[in-house]
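Here the sequence shown stands for residues 951 to 1036, numbered as in the numbering used here.
Backbone N, C-alpha and C define an ideal beta-carbon position, used for all residues, glycine too.
Worksheet for the structure shown next.
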Amino acid sequence: MESWPESWREHWIIPIFKRGAVFNPEIYRGIHLKAQISKVVERITKKITEPYLEKSHGFGENQFAYRKSRGARDALALLTMEWLFS
């Protein structure tokens, strides 16, 4: 199989009302829904590939998103330290 099946790639955006005038489209927030089977396959793929990428340093030094114990605060701290000491 070269790609995801078409039914797995299908996504839906559902508008959710926040508050205010119902007729104003700017006050709606869209949520993104996708097929459940696609989510399951993505999680299985992640469990298989993530340990390999961590061991082989496949993510790189500055990859903070989608990694355990590395988030936005870590990226912000690193950038702040680089700006202060460079």
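Discussion item. Rounded to the nearest angstrom, what separates A1015 and G1021 at their Cα positions?
Written reply: When rounded, the distance between both Cα atoms is 6 Å.
Practice prompt. Determine, using beta carbons only, whether E960 and A985 come nearer to each other than 8 Å.
Written response: A985 is positioned such that its CB atom lies closer than 8 Å to that of E960.
Practice prompt. Mind checking which residues open and close the beta strand (DSSP E) that includes R979?
Written response: Segment 978-984, the beta strand (DSSP E) holding R979.
Practice prompt. Just tell me which of M1031, R993, A1025 has its CA closest to the CA of Q1013.
Written response: Comparing C-alpha distances from Q1013 to each of M1031, R993, A1025 shows the shortest one belongs to A1025.
Worksheet item: Can you tell which of S988, V990, R1017 has the C-alpha that lies nearest to the C-alpha of E1000?
Response: That would be R1017, whose Cα lies nearest to the Cα of E1000.
Fill in: I981 Cβ short of 7 Å to the ligand NAP heavy atom set
The ligand content of the structure shown is nil, which means the ligand NAP is not present either.
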